[in-house]
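109 is the number that the numbering used here gives to position 101 of the sequence shown; each next residue is one higher, with no gaps. Cβ atoms here follow ideal geometry from the backbone N, Cα and C, with glycine treated the same way. Quick caveat, the model's predicted, so the values are computed rather than measured. Heads up, the thing below is written out as structure tokens.
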Amino acid sequence: MYFSQITIEDGRLRSALITRDDRKYYLDLKENERGRFLRISMVGINTPRTQIALPAQGVEELRDTLNSLLEEFGNEDDKEASKLPENKYLHVGNKNFYFDIGSNNRGVFLRISEVRANYRAAITVPEKSWSRFRDNINDFILAMDKERNNTLSTEDKSQSNSGNGDKSSVPQSTVGENKK
């Protein structure tokens, strides 16, 4: 497995690349007019690029889901998975993200699907990459928290000067069992 940080450009706040076997996973923390999001792309040999965009509110839940999978079923050093976990889902805004565990002759994998009205995209992450995938997502969370704290400090100073103490709320996301 090969892992590297990518030079940040094109409005990306942070990027990482995971190379495993014949696949590459690009993780790009970006921001647009609707807010911050994590774009996760998968490219394989002779396969088209597949990607999902996870709003910032769902990144921590993704990390927690990966953590629980790793705790229960191990990481790349474990050769045998005893039983596969329950599928899970995450609802953020108008999107649903499904976390489905499967196995085939090549091993155990996590398929993350982004579903909304008239649209579905999915990426597949082999079990051997889960811990690095989780670690990258955790790095994005830490970077977002640091930026958010810097922004809040600046806003607090600005609001105390203007007398406006309103703080906008962040949309909530929900995590649950997949009822397919």
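Residue i vs residue j beta-carbon contact at 8 Å
{"i": "residue 157", "j": "residue 71", "result": "no"}
{"i": "residue 65", "j": "residue 100", "result": "yes"}
{"i": "residue 138", "j": "residue 118", "result": "yes"}
{"i": "residue 21", "j": "residue 144", "result": "no"}
{"i": "residue 152", "j": "residue 47", "result": "no"}
{"i": "residue 148", "j": "residue 25", "result": "no"}
For residue i, the nearest candidate out of the options (CA to CA)
{"i": "residue 58", "options": "162, 121, 112", "result": "121"}
{"i": "residue 40", "options": "62, 69, 31", "result": "62"}
{"i": "residue 123", "options": "107, 136, 135", "result": "107"}
{"i": "residue 125", "options": "75, 103, 31", "result": "103"}
{"i": "residue 50", "options": "150, 133, 162", "result": "133"}
Backbone secondary structure at residue i - three-state DSSP
{"i": "residue 92", "result": "coil"}
{"i": "residue 39", "result": "strand"}
{"i": "residue 21", "result": "coil"}
{"i": "residue 111", "result": "strand"}
{"i": "residue 52", "result": "strand"}
Bridge partner(s) assigned by DSSP for residue i
{"i": "residue 59", "result": "49"}
Cβ-based neighbour list, residue i, same chain, cut-off 8 Å, excluding 5 preceding and 5 following
{"i": "residue 73", "result": "96, 98, 107, 183"}
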